[in-house]
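>
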Amino acid sequence: MVLCPDHSSCLSNGYDVCLSSILSSKSDSRLKHLLQRAPEYCPESMVRLHSFYCNMYCRLIFKGVLKKSDGWVGLGCCELAIAVECRQACKQVRLSNGFSLVNNALFSCINRNEMGSVCCSYAGHHTNCREYCQAIFRTDSSPGPSQIKAVENYCASISPQLIHCVNNYTQSYPMRNPTDSLYCCDRAEDYACQTACKRILMSMKTELEIVDGLIEGCKTMPLPQDPLWQCFLESSRSVHPGVTVHPPPSTGLDGAKLHCCSKANSSTCRPTELFRSCNTQSDQGAMNDMKLWEKGSIKMPFINIPVLDIKKCQPEMWKAIACSLQIKPCHSKSRGSIICKSDCVEILKKCGDQNKFPEGHSAESICELLSPTDDLENCIPLDTYLSPSSLGNIVEDVTHPCNPNPCAANQLCEVNRKGCQSGELCLPYLCVPGCKLGEASDFIVRQGTLIQVPSSAGDVGCYKICTCGHSGLLENCMEMRCVDLQKSCIVGGQRKSHGTSFNIDCNVCSCFAGNLICSTRQCLTEHSSEDERRKFTGLPCNCVDQFVPVCGQNGRTYPSACIARCVGLQDTQFEFGSCISKDPCNPNPCNKNQRCIPKKQVCLTSFGKFECSQHECVPRQLNCDQTRDPVCDTDNVEYSNLCTLYQKGKSLAYRGPCQPFCKSVEPVCGHNGETYSSVCAAYSDRVAVDYYGHCQAVGVLSDYSFHTECAFVKCPQLSATGCKPVIAPGACCPLCAGMLRILYDKDKLDTFARVTNKKPITVLDILEKIRLHVSVPQCDVFGYLSIESEIVILIIPVDQNPKPLQIEACNKEAEKIESLINSDSPTLASHVPLSALIASQVQVSFSISSPSVKVVPVLHSLFLSLLFTLSALIYYI
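The UniProt record's numbering puts the first residue of the sequence shown at 1, with every later residue one more than the last.
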């Protein structure tokens, strides 16, 4: 979304420069050009999704027009308003020359219409609910109690989102007293602005009058990083009778979307898949689009496209277009929000009413305006939506318990992976208390979570860490040292900018704030000599292929001392034998009134700076609390928590409920090279099983390696026939899963550990956080730290014999996580410590045979495609 010829970005530092150039434009033709193209940059969907910024653009453009000579009003600027009633309000202003009225009428109308279109869309096809909802937004006066009650009566059972949305709107009546914000005036750096601010708040009543007065009195643009404007944004929560008003979150308007601002450094600023959703509301939106198009015209902000009867002309393609624009495709690489040009031209040539096209336009010229590219990074190809699914027509094998969201507005929906106690209602989801990441945000984080949000100062690369408190607000925020995102890396004489990922030989690397971070894979290239090939083992530092495990101070078992040294450990920082074989409680490091409990963990922070303890000391309690955190003892008896188990004098076998298949203890080798007493013991560490028996080999690391240690390992049978499997780094056996190999920034993790609880950050911490982002209960998350300095994450079907649909679902979840990491999405980047994940590569298993595939109708194929849409990418990028 760019208005300026120099391609200043709408959300970057060029924001105010761009606006200033519009308002100060000396050229009538230049300003006219910007005005005529303004709808391109503020389409209705964009206004809804990014209302603050896009509204600010459109408001200032209108103000720029109306401050010119009266002749400018005749440019048809009223037609820029999307809603009919807004255009009428604008024309009334024009006729009366009431420039001050434009704020109270036109922009109030725009805001009201915008909010109404969002809220009432949740009604779907329920006519009564939709009509009562729309009545709330049809008048500029305060909605009456009977109107609000009618919406609750007709819509409560249909859509909690609609009720929440309407409540947010109606709570803005009556207006809060402007003098409540007088303290914000002191934030202004200029004394004249402070004086003007106080005068305006004492004399003016409406928010829009105040905003206009401040712009004129302080001679500043309303930028959220300005201390004065930031204060108004943070204090803008309104008072409503009977409603308890809490102080605003410290993140201001929307902490999640602030993450996006640092990305707006290109010539385009567009909504991407994280602004899209895969839910019933989006499905209803697609159907509504179809109904509008069936009337014979596709109305765009700057052009109307006449079409033939789309119920007869390519109806499946039109459905695909409607769905693809409402819901992003299952293409993790695509960042576009428009269909590709070739698809656009094809459909308009076949179904466009070319005799009625606007003068001078053809299918090609219209598509040049709508979809000027076929680059898959910037557009949506329709072939994904037009091909029959190879997975059959069974969709019950995969569920999304949190889509649509069944929880209250202040709660976070999570997949229930813990199960339920006997006799209680067992739902597939949990509603847990949470905090919004800002006053206007829909992004909710779990209570007690550490969150990273951009600093209030607004400087790119500056962040603070906050805690989601019991009050439902972010608390105890601490500013962090700023990261210089302008710093680049020099690699092979070439400059690599921050955030760039690339390969050096067989290693994946990323430039992070001037630091080059790479995996430590051993490489063999096509230029390697015959002698190098013959001696090549594929292990780090080309170590000898042998399995003589050592335990590092970071809690990781390495296959040999050579590999431990290769990853940077000194001889004093490891000892022979696997880590799990060590007893950290002998000798007892705890006090006499404490019990020592082994707690294996692999630390990702620098173990020279943070002790990577393998035990925990807990009080010897006479009475245990009733907290449910099930554990299983060595006799396969389950207890509600560790305290109860030790009170009975029993020994811990593994954390989690007792499982029948773990009654007979049989050792297994995990992907991390540790031998566990049972499958359940491995799973409690979130480690998947490579094979049964004690660990005895280092697995495959390279396509060029020739070692044969794994030849003596008996691999378990694949969980699904016809699955082309993956082999995890360092493992021997294949499995059906989606696999991620992730680079992380250790310095950033050290910083998090230092400014928070001084405890190390572990692999399990990462896995438990990632697990919350996997929305399909038929898939679960496992992982480990590889000997090549990468975090390996496996998203595996939980069923013993998974269906092809379930394998595909886990693949899509892996692709989703990869996309979130590589795009530095706030969905992950807001969470400490996930923001330290900087680059990811994904590899998925897939079905190589599909016996008796049933060709399904295209609409069903569409549903299957959309079922696996990147479902956590619902809110923000």
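Glycine residues also receive a C-beta, built at the ideal position from the N, C-alpha and C atoms.
No experiment lies behind these values; they were computed from the predicted model shown.
1) Considering only the beta carbon of each residue, do Asp629 and Ser651 sit closer than 9 Å?
2) Which complete alpha helix (DSSP H) runs does the stretch 802-846 hold, if anything under 4 residues is left out?
3) My output table needs one value for Pro271: the three-state DSSP class, helix, strand or coil.
4) Would you identify the three-state DSSP class for His671, choosing helix, strand or coil?
5) Please classify Pro826 as buried or exposed, where buried requires at least 16 other C-beta atoms within 10 Å of its C-beta.
6) State yes or no: is the C-beta of Ile727 within less than 9 Å of the C-beta of Ile821?
7) Using the three-state DSSP reduction, which class does Thr751 fall into: helix, strand or coil?
8) Given a threshold of 16 other Cβ atoms within 10 Å of its Cβ, counted over all protein chains shown, does Gln494 qualify as buried or as exposed?
9) Compute the Euclidean distance between the alpha carbons of Ser375 and Ile338, then round it to the nearest angstrom.
10) Mapping the DSSP letters down to three states, classify Arg199 as helix, strand or coil.
11) Any idea if Met478 is buried or exposed, counting beta-carbon neighbours within 10 angstroms, 16 or more meaning buried?
12) Excluding the 5 residues flanking Thr525 on each side, which residues of the same chain have their C-beta closer than 8 Å to its C-beta?
13) Could you please give the first and the last residue of the uninterrupted beta strand (DSSP E) stretch that includes Gln326?
14) In three-state DSSP terms, what is Phe512?
15) Given a cut-off of 9 Å on the beta-carbon distance, is the pair residue 880 and Tyr122 in contact?
16) Quick one: what's Gly552 bridged to in DSSP?
17) What are the boundary residues of the beta strand (DSSP E) that includes Ser297?
18) If you compare alpha carbons, which of Ile136, Ser529, Tyr784, Glu709 is closest to Asn113?
19) Which runs of the alpha helix (DSSP H), 4 residues or longer, sit entirely within the stretch 344-392?
20) What are the boundary residues of the alpha helix (DSSP H) that Glu768 is part of?
21) What are the boundary residues of the beta strand (DSSP E) that includes Pro540?
22) Given a threshold of 16 other Cβ atoms within 10 Å of its Cβ, counted over all protein chains shown, does Leu828 qualify as buried or as exposed?
23) So who's on the other strand from Ile504, going by DSSP bridges?
24) Taking 8 Å as the cut-off, is the CB of Ile795 close to at least one heavy atom of the ligand MN?
25) Where does Pro401 sit, in a helix, a strand or coil, going by DSSP?
26) Identify the continuous alpha helix (DSSP H) that holds Asp635 and give its terminal residues.
27) Determine, using beta carbons only, whether Cys367 and Ile310 come nearer to each other than 9 Å.
28) Given this structure, state the Cα-to-Cα distance separating Asp459 from Glu790, to the nearest angstrom.
29) Taking the continuous beta strand (DSSP E) assigned at Thr756, which residues delimit it?
30) Within 10 angstroms of its Cβ, does Asp383 collect 16 or more other Cβ (buried), or is it exposed?
31) Can you round the beta-carbon distance between Cys119 and Cys129 to whole angstroms, since I take them to be within the 8 Å contact cut?
32) Please work out which residues of its chain come closer than 7 Å, Cβ to Cβ, to Thr675, disregarding the five sequence neighbours upstream and downstream, and give them in chain order.
33) Does DSSP put residue 883 in a helix, in a strand, or in coil?
34) Can at least three beta-carbon pairs, one atom from the stretch 424-441 and one from the stretch 786-800, be found at a separation below 8 Å?
35) Would you tell me roughly how many angstroms separate the C-alpha atoms of Ser615 and Cys585, rounded to the nearest one?
36) Considering Cα atoms alone, identify which of Phe502, Gln843, Tyr191 is closest to Glu818.
Based on what the coordinates show:
1) Position 629 of the sequence shown, counting from 1, holds the residue named residue 629. Position 651 of the sequence shown, counting from 1, holds the residue named residue 651. Asp629 is not a Cβ neighbour of Ser651, given a cutoff of 9 Å.
2) Those alpha helix (DSSP H) runs which fall completely within the stretch 802-846 and span 4+ residues are 804-822, 826-829.
3) Translated into the one-based positions of the sequence shown, residue 271 becomes position 271. Because Pro271 carries a pLDDT of 31, less than 50, the predicted location of this residue cannot be relied on, and the following value inherits that uncertainty. Correct three-state label for Pro271: coil.
4) Within the sequence shown, numbered from 1, the residue matching residue 671 stands at position 671. The answer is coil: DSSP assigns His671 none of H, G, I, E or B.
5) For the purposes of this step, residue 826 is taken as the residue at position 826 of the sequence shown. So Pro826 ends up on the buried side.
6) Taking the first residue of the sequence shown as 1, we reach residue 727 at position 727. Taking the first residue of the sequence shown as 1, we reach residue 821 at position 821. Contact flag unset, no.
7) Start at 1 with the first residue of the sequence shown, and residue 751 comes out as number 751. Helix at Thr751.
8) Numbered from 1 along the sequence shown, position 494 holds the residue referred to as residue 494. Gln494 comes out exposed.
9) For the purposes of this step, residue 375 is taken as the residue at position 375 of the sequence shown. For the purposes of this step, residue 338 is taken as the residue at position 338 of the sequence shown. Strictly speaking, residue 375 in this sequence is Asp, with Ser absent from that position. Distance between the alpha carbons of Asp375 and Ile338 is about 11 Å.
10) For the purposes of this step, residue 199 is taken as the residue at position 199 of the sequence shown. Note: Arg199 maps to helix in three-state DSSP.
11) Mapped onto the sequence shown, residue 478 falls at position 478. Exposed, since its Cβ has fewer than 16 Cβ neighbours within 10 Å.
12) Along the sequence shown, one-based indexing puts residue 525 at 525. Once the five neighbours on either side are set aside, the close Cβ partners of Thr525 are Asp505, Cys506.
13) Taking the first residue of the sequence shown as 1, we reach residue 326 at position 326. Note, Gln326: premise wrong, no beta strand (DSSP E); alpha helix (DSSP H) at 315-326.
14) Here residue 512 corresponds to residue number 512 of the sequence shown, with the count starting at 1. Note: Phe512 maps to strand in three-state DSSP.
15) Residue numbering for the chain in the displayed model covers 1 to 877; residue 880 lies beyond these limits and cannot be assessed.
16) In the sequence shown, counting from the first residue as 1, residue 552 sits at position 552. Paired residue(s): Phe574.
17) By 1-based counting over the sequence shown, the position of residue 297 is 297. 297-299 is the span of the beta strand (DSSP E), which, as asked, contains Ser297.
18) As a first step, residue 113 must be located in the sequence shown, where it is residue number 113. Residue Ile136 is the option with its Cα nearest to Asn113.
19) The qualifying runs are 363-370, 383-386.
20) Reading the sequence shown from its first residue, position 768 is the one you call residue 768. Here the alpha helix (DSSP H) through Glu768 covers 763-771.
21) Taking the sequence shown and counting its residues from 1, one reaches residue 540 at position 540. Note, Pro540: premise wrong, no beta strand (DSSP E); not H, not E.
22) For the purposes of this step, residue 828 is taken as residue 828 along the sequence shown, with counting starting at 1. Buried, since its Cβ has 16 or more Cβ neighbours within 10 Å.
23) Here residue 504 corresponds to residue number 504 of the sequence shown, with the count starting at 1. Per DSSP, Asn507.
24) The ligand MN is absent from the structure shown, which contains no ligand whatsoever.
25) Taking the first residue of the sequence shown as position 1, residue 401 is located at position 401. Of the three classes helix, strand and coil, the one that applies to Pro401 here is coil, per DSSP.
26) As a position in the sequence shown, residue 635 is number 635, starting the count at 1. Careful: Asp635 lies outside any alpha helix (DSSP H) and carries neither H nor E.
27) Taking the first residue of the sequence shown as position 1, residue 367 is located at position 367. Taking the first residue of the sequence shown as position 1, residue 310 is located at position 310. No, the Cβ-Cβ distance between Cys367 and Ile310 is not below 9 Å.
28) Stepping through the sequence shown from its first residue, residue 459 is reached at position 459. Stepping through the sequence shown from its first residue, residue 790 is reached at position 790. C-alpha separation (whole angstroms): 31 Å.
29) Here residue 756 refers to the residue found at position 756 of the sequence shown. No beta strand (DSSP E) contains Thr756, which DSSP labels as neither H nor E.
30) Taking the sequence shown and counting its residues from 1, one reaches residue 383 at position 383. So Asp383 counts as exposed.
31) In the sequence shown, counting from the first residue as 1, residue 119 sits at position 119. In the sequence shown, counting from the first residue as 1, residue 129 sits at position 129. Not a contact, Cβ separation roughly 11 Å.
32) As a first step, residue 675 must be located in the sequence shown, where it is residue number 675. For Thr675, where only same-chain residues beyond five positions count, the Cβ hits under 7 Å are Ser578, Ile580, Pro667, Cys669, His694, Cys695.
33) What the structure shows of the chain is the stretch from 1 to 877, and residue 883 is not part of that stretch, so it cannot be assessed.
34) no
35) Locating residue 615 in the sequence shown gives position 615, where the first residue counts as 1. Locating residue 585 in the sequence shown gives position 585, where the first residue counts as 1. Just to set this straight, residue 615 is His in the shown sequence, not Ser. Answer to the nearest angstrom: the Cα atoms are 7 Å apart.
36) Indexing the sequence shown from 1 puts residue 818 at position 818. Among Phe502, Gln843, Tyr191, the Cα nearest to that of Glu818 belongs to Gln843.
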